[in-house]
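*Asks:* Residue numbering for the sequence shown follows the numbering used here, starting at 1 and increasing by one per position.
Ideal placement from N, C-alpha and C gives every residue a C-beta, glycine not left out.
Predicted model, so just to flag it, every value in this text is computed and none were measured.
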Amino acid sequence: MSKALLSLSTNEFIAGIESVASKFDSATYPQQNLPADDWALLVGTGVLLPSLPREYGGRDSHVEMCRVVETLSEWNLPLGMFTTIITGVALRPIALWAGEEAKQEVLPLFAGGDPLIAGFASTEPGCGSAMSSMTSTFEEVDGGYRIRGRKHWQAFSFSANWWLVSAKNDEHGRREYGYFIVKRSEGFRTAERYEPLGLKVIDYGLNDIDAVVPRHRRIQAGGRNLKPMVEMLMASRAMMAAMGCGFLRRVSREAHEYADGRQIGPAPLSAIRFARYRLAAIDSSYTICEALNHHLQTRLNIKADMLGSFPAVQAIKTVATDRMLSAAHHYQQLVGGEGYRSGSPTNISAQSFLDARVFTIFDGTNDLLSQQLTEYCLARLDGRSLSGFLAEWPLTAPGVITHRPNLSFLDRDLKQEHLVLAGRAIAYVFAICEVMRWAAETGADPDRVRTAIAFLKHDIAGVAAEFDLLDTGVLGTDGDATTEPPTNTVISRSIPVHAQT
Ligand SMILES: Cc1cc2nc3c(=O)[nH]c(=O)nc-3n(C[C@H](O)[C@H](O)[C@H](O)COP(=O)(O)OP(=O)(O)OC[C@H]3O[C@@H](n4cnc5c(N)ncnc54)[C@H](O)[C@@H]3O)c2cc1C
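#1: In chain order, what residues of the same chain lie with their CB nearer than 7 Å to the CB of D208, ignoring the 5 residues before and after it?
#2: Quick check on D210: does DSSP put it in helix, strand or coil?
#3: Using only CA atoms, which one of Y258, G222 and C289 lies nearest to R249?
#4: Whole angstroms are fine: how far does the CA of S342 sit from the CA of Y56?
#5: Is it the case that the CB of D367 approaches a heavy atom of ligand 1 more closely than 7 Å?
#6: Ordered along the chain, which non-local residues of its own chain (more than five positions away) have a Cβ less than 7 Å from that of A21?
#7: Would the C-beta of K303 count as close to ligand 1, meaning under 7 Å from any of its heavy atoms?
#8: Considering only heavy atoms of ligand 1, does any lie closer than 7 Å to the CB of D382?
#9: What do you get for G119, buried or exposed, if any count of 16 or more other CB atoms within 10 angstroms of its CB means buried?
#10: Only counting the same chain, and skipping five residues up and downstream in sequence, which positions put a Cβ closer than 8 Å to that of A27?
#11: Which residue or residues does DSSP assign as beta-bridge partners of G58?
#12: Report the three-state DSSP secondary structure of D480 (helix, strand or coil).
#13: Let me make sure I understand the geometry here. Which of V420, H256 and P405 has the alpha-carbon closest to that of C377?
#14: With P394 and V429 assumed to form a contact (beta carbons below 8 Å), what rounded beta-carbon distance in angstroms separates them?
#15: Inspect the beta-carbon positions of R237 and V313 and report whether they are closer than 8 Å.
#16: Where does L42 sit, in a helix, a strand or coil, going by DSSP?
#17: Taking its Cβ as the centre, do 16 or more other Cβ atoms sit within 10 Å of T442, making it buried, or is it exposed?
#18: Contact defined as beta carbons within less than 8 Å: I believe T84 pairs with M239. What is the distance between those atoms, to the nearest angstrom?
#19: Would you kindly check if the distance between the Cβ of R193 and the Cβ of G205 is under 8 Å?
#20: For the alpha helix (DSSP H) holding E100, just list the boundary residues, first then last.
#21: Is it right to say R224 is buried, meaning 16 or more other beta carbons lie within 10 angstroms of its own, or is it exposed?
#22: I'd like to confirm something about C377: is its beta-carbon nearer than 7 Å to some heavy atom of ligand 1, or not?
#23: Ligand 1 and W531: does the residue's C-beta get closer than 7 Å to at least one heavy atom of that ligand?
#24: Count the other CB atoms within 10 Å of the CB of D322; is the residue buried (16 or more) or exposed (fewer)?
#25: For G143, which residues in the same chain have their Cβ closer than 7 Å to its Cβ, ignoring the five residues on either side in sequence?
#26: Unbroken alpha helix (DSSP H) runs of length 4 or more, entirely within the stretch 236 to 265: which are they?
#27: Could you pull the start and end residues of the beta strand (DSSP E) that Q220 belongs to?
#28: Measuring only the C-alpha atoms, how far is V201 from G58?
#29: Would you report the Cα separation of L199 and I426, rounded to the nearest angstrom?
#30: Can you list, in chain order, the residues of its chain whose CB lies under 7 Å from that of Y29, leaving out five sequence neighbours each side?
#31: Taking the beta carbon of S122 as the centre, do at least 16 other beta carbons fall within 10 Å, making it buried, or is it exposed?
#32: Just the Cα atoms here: how many angstroms apart are A211 and F455?
#33: Return yes when the C-beta of P196 is under 7 Å from any heavy atom of ligand 1, and no when it is not.
#34: Going by DSSP, what residue range makes up the alpha helix (DSSP H) through V420?
#35: Rounded to whole angstroms, what is the Cα-Cα separation between M229 and F274?
#36: My output table needs one value for S166: the three-state DSSP class, helix, strand or coil.
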């Protein structure tokens, strides 16, 4: 790797990546697994360097990690995800928590020019949302650990050289979780290829693991609950703001261009008022992601333990990915039949929709994360109602005080379905605050700010309407009350419990 890359200013460094990223323009780049030569080209521009500490040959920069992913995502969203997984999901925990011997062994390899790939193996065929049901195990053996299990849906199933693998140990009558750095050749075998609907640059599959790794490759995170895994996933969840910002900047630009250029009868598509409403929805999604990205760059730090930012990250992931998906949907609808055509020469809406689709599902499904956000807040009520808490909580108070969304519908006994919906409302209030803050700190266009907040307030009212709908009894009364979790209590043990904002 050229030493020159290490001495560039941030703007020069990002400009270098930008100049190569155009080659991966999703309008023209083939829908195929990224060839090693193309990954080498990107690695050569330094896309991995911001994630690596300086002592191992990196540029060690949180802001640059975000800007690299935002830049790539504007040209090619799947490539933004590709880079996020390697930097934010696989290498980050090694840089943060591995011992010196493991860091020396692994990190300098990724600072070289070789097109190396690292993945994160957690999900199993039998469990994704409830990882406490994992069946992969580790046990101590002479000189290290033996890890055995079956994982699936891993990004880079076929192509990763290195893995971070989660496993459990139930010996000695108590559960312990561990995280291990595994070289593919040590016993990581891909048994079946999966064909994803989108994100075609990344290969997926079903993986069998039977590996023995030296003792120093167990990273110093683990313990009796899954909090370390929650923390490990927080960087990529937060990074959804950067991906959403880059992706939606392009979707907004191209949707407008298409609507201005397409004639419907005597006038352009953009002259139809409902088409303009769809464009406003797309633009507001871009504004919201830009504000969340501002929060990511200025308030969060991927280079450090992120558990203290748990509620902000839950909100960022769910709002940013919902916005990516809804904007892609509006864009595809605006384009009409050409929006259903793979490889259309006039627009990228079909592939944009397929690529955006999975963002609300992976990295923790949005429904689960929304429930956890509500549980986090309920654990901190301290005698207040939920709406009273939100009016005082620093992450939501400015939005509640200034825009006065009606949140009183949250003040009731919350069953599981309400916990999920309430989490969405809480995340929308958080997003209102972030749009306000972004506007104040960057002098953003007041029209964009007003429209985005209007859409978010409407979303909160939509959640209130869903509460009303549930009250009509659409779920029926056949639930076995004895198997339902107690209401208004914290359910997930992996949610941070110590008092934080
Ligand atoms: C393209 C892609 C890439 C991926 N990359 C990786 C990777 O690199 N590494 C890795 O380890 N894994 C990866 N995954 C796995 C991914 O993280 C899981 O698919 C995800 O966590 C969901 O787990 P599951 O598929 O087992 O769904 P399940 O746990 O079976 O959940 C199914 C559905 O149940 C519902 N649900 C679950 N809990 C709740 C709740 N509390 N409230 C309401 N509804 C709920 C949700 O609608 C959810 O989507 C990837 C998956 C995909 C599709």
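*Replies:* A quick look at the data gives this:
#1: For D208, where only same-chain residues beyond five positions count, the Cβ hits under 7 Å are R150, R189 and A191.
#2: It is a strand residue.
#3: Closest option to R249, Cα to Cα, is C289.
#4: Taking the CA atoms as reference points, Y56 sits about 43 Å from S342.
#5: For D367, the Cβ falls inside the 7 Å cut-off from some heavy atom of ligand 1.
#6: Only residues of its own chain outside the window of five on either side were considered, and among them T71, L72 and W75 have a CB closer than 7 Å to the CB of A21, listed in chain order.
#7: K303 Cβ: outside cutoff for every heavy atom of ligand 1.
#8: No, the Cβ of D382 stays beyond 7 Å of every heavy atom of ligand 1.
#9: With a 10 Å radius around the Cβ and a threshold of 16 neighbouring Cβ atoms, G119 comes out buried.
#10: Leaving aside the five residues that flank A27 on each side, the residues in its chain whose CB is nearer than 8 Å to its CB run, in chain order, I348.
#11: Beta-bridge pairing by DSSP links G58 to no other residue.
#12: The pLDDT assigned to D480 is 49, lower than 50, so where the model puts this residue is not dependable; a value taken from the coordinates is nonetheless given after this. DSSP places D480 in coil when its eight states are reduced to three.
#13: Among V420, H256 and P405, the Cα nearest to that of C377 is on V420.
#14: About 12 Å; that fails the 8 Å criterion.
#15: Closer than 8 Å, so yes.
#16: It is helical.
#17: Counting Cβ neighbours within 10 Å, T442 comes out exposed, since fewer than 16 surround it.
#18: Contact flag correct, Cβ pair sits at about 5 Å.
#19: Closer than 8 Å, so yes.
#20: In the DSSP assignment, E100 falls within the alpha helix (DSSP H) that extends over E100 to A111.
#21: It counts as exposed.
#22: For ligand 1, not one heavy atom lies less than 7 Å from the Cβ of C377.
#23: As shown, the chain starts at 1 and ends at 501. That puts residue 531 outside it, with no answer to give.
#24: With 16 or more other Cβ atoms within 10 Å, it is buried.
#25: Beyond the five residues adjoining it in sequence on each side, G143 comes within less than 7 Å, by CB distance, of P214 and R215 in the same chain, given in chain order.
#26: Runs of the alpha helix (DSSP H) inside the stretch 236 to 265: none found.
#27: First-last of the beta strand (DSSP E) with Q220: R218 to G223.
#28: Cα to Cα, V201 sits roughly 25 Å from G58.
#29: Roughly 30 Å between the two C-alpha positions.
#30: Here the set comprises N76.
#31: Around the beta carbon of S122, 16 or more other beta carbons sit within 10 angstroms, so the residue counts as buried.
#32: Rounded to the nearest angstrom, the two C-alpha atoms are 50 Å apart.
#33: Indeed, a heavy atom of ligand 1 lies less than 7 Å from the Cβ.
#34: Element bounds for V420: Q416 to T442.
#35: Roughly 44 Å between the two C-alpha positions.
#36: If DSSP states are grouped into helix, strand and coil, S166 belongs with the strands.
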